[in-house]
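These notes are about the structure you will find just below.
Numbering (the numbering used here), first residue to last: 18 to 314.
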């Protein structure tokens, strides 16, 4: 069985993406790794080339300036990378996500199991959302708990919406994938960037969600992101992927200033739902971009 890894990125250095760490965590899991690199204002392509791994295949892309609604540019770029994947199964990772080396065997085992069960289209991975520093993770319904990150490559699977999930093309139209829950972890570092890079990234992303916004990098102000938009955090008790060790050490120059008590007031209904989830494990109204299948693996 051949496994393809794929991802997309643009301006990784400007916006503080851990792209090298992300790619290095994906490489051991796949036979090829397709990276769609959008034309950037920094040295993103050079940085990826410097990883110097024969599995990596860079696809140079141009981001459509007219695709400026609902984050659709992200699924379009994901699909460009996916179209080059030759594997029987695909593993997807976004540029601010990293796998843990301790989950590699589990990943192979789950893919092998799913491959022998034709009713399983995909695998669901669990998320850890770090916020403000590498020492705290987000808690509650403000953060999505799981997403599809591996799937059977039938040629009919497509990235959907703003690339958070996947769907499949069928004779009956676009349908949800049937997915099996796993304990494989995705370490999401999208909310752990130098404050200026985080501010730029958020402001720039408005270009792809709001049609009337058109900001160039040169127009973005040199402001710091305040890291006060989280409702609830909890100390992280585990260990990070080894791929992140050097970056975590480098980033201490600014993460040391993070104040985990500087939180956004939690609305009453969010607080109520979070309390129910803590007691029961059930998340009221959870968005599920998949059909979960219950098979003992």
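Using N, Cα and C, we set each Cβ at its ideal position, and we do this for glycine too.
{"Item": "So who's on the other strand from residue 78, going by DSSP bridges?", "Value": "55"}
{"Item": "When DSSP builds the beta bridges, which residues end up paired with residue 294?", "Value": "Per DSSP, none; premise fails for residue 294."}
{"Item": "Restricting to Cα atoms, I'd like to know which of 180, 116 and 166 is closest to residue 204.", "Value": "116"}
{"Item": "Report the rounded CA-to-CA distance for residue 137 versus residue 162, giving the unit in angstroms.", "Value": "20 Å"}
{"Item": "Assuming residue 51 and residue 65 make a contact with CB atoms under 8 Å, what is their CB distance in whole Å?", "Value": "Their Cβ separation, rounded to whole angstroms, is 12 Å, which puts residue 51 and residue 65 out of contact at 8 Å."}
{"Item": "Rounded to the nearest angstrom, what separates residue 283 and residue 79 at their Cα positions?", "Value": "40 Å"}
{"Item": "For residue 185 and residue 268, I'd like the C-alpha separation in whole angstroms.", "Value": "40 Å"}
{"Item": "Tell me residue 147's beta-bridge partners as DSSP assigns them.", "Value": "154"}
{"Item": "Going by CA-CA distance only, name the one from 57, 92 and 44 that's closest to residue 71.", "Value": "44"}
{"Item": "Counting C-beta neighbours from all protein chains within 10 Å, is the total for residue 120 16 or more, i.e. buried, or is it exposed?", "Value": "buried"}
{"Item": "Are residue 21 and residue 135 closer than 8 Å when you measure CB to CB?", "Value": "no"}
{"Item": "Taking just the CA atoms, how far does residue 197 sit from residue 313?", "Value": "9 Å"}
{"Item": "Alpha carbon to alpha carbon, what distance is there between residue 210 and residue 167?", "Value": "26 Å"}
{"Item": "Quick one, which of 222, 248, 305 and 179 has its alpha-carbon nearest residue 156's?", "Value": "248"}
{"Item": "Pairs of beta-carbons, one from the region 165-182 and one from the region 293-300, closer than 8 Å: are there three or more?", "Value": "no"}
{"Item": "Compare the Cα-Cα distances from residue 278 to each of 246, 49 and 242 and report the closest residue.", "Value": "246"}
{"Item": "By Cβ distance below 8 Å, which residues in the same chain neighbour residue 259 in space, the five residues on each side in sequence not counted?", "Value": "118"}
{"Item": "What did DSSP end up calling residue 314 once you bin it into helix, strand or coil?", "Value": "coil"}
{"Item": "Going by CA-CA distance only, name the one from 193, 274, 165 and 145 that's closest to residue 207.", "Value": "145"}
{"Item": "Specify the secondary structure class of residue 206 as computed by DSSP and reduced to three states.", "Value": "strand"}
{"Item": "Does the beta-carbon distance from residue 194 to residue 304 come in below 8 Å?", "Value": "no"}
{"Item": "Is the beta carbon of residue 97 sitting closer than 8 Å to the one on residue 107?", "Value": "no"}
{"Item": "So what does DSSP say about residue 50, is it helix, strand or coil?", "Value": "strand"}
{"Item": "If you check the beta carbons only, do residue 42 and residue 24 fall under 8 Å apart?", "Value": "no"}
{"Item": "Does residue 94 come within less than 8 Å of chain B when only Cβ atoms are used?", "Value": "Looking for chain B here will not work: only one protein chain is present."}
{"Item": "How many Å lie between residue 287 and residue 243 at the Cα?", "Value": "22 Å"}
{"Item": "Count the other C-beta atoms from every protein chain shown that fall within 10 angstroms of the C-beta of residue 215, then say buried if there are 16 or more, exposed otherwise.", "Value": "buried"}
{"Item": "Any chance the CB of residue 157 is under 7 Å from a heavy atom of the ligand ZN?", "Value": "As presented, the structure is devoid of all ligands, the ligand ZN included, so that no description of it is given."}
{"Item": "Quick check on DSSP: helix, strand or coil for residue 282?", "Value": "coil"}
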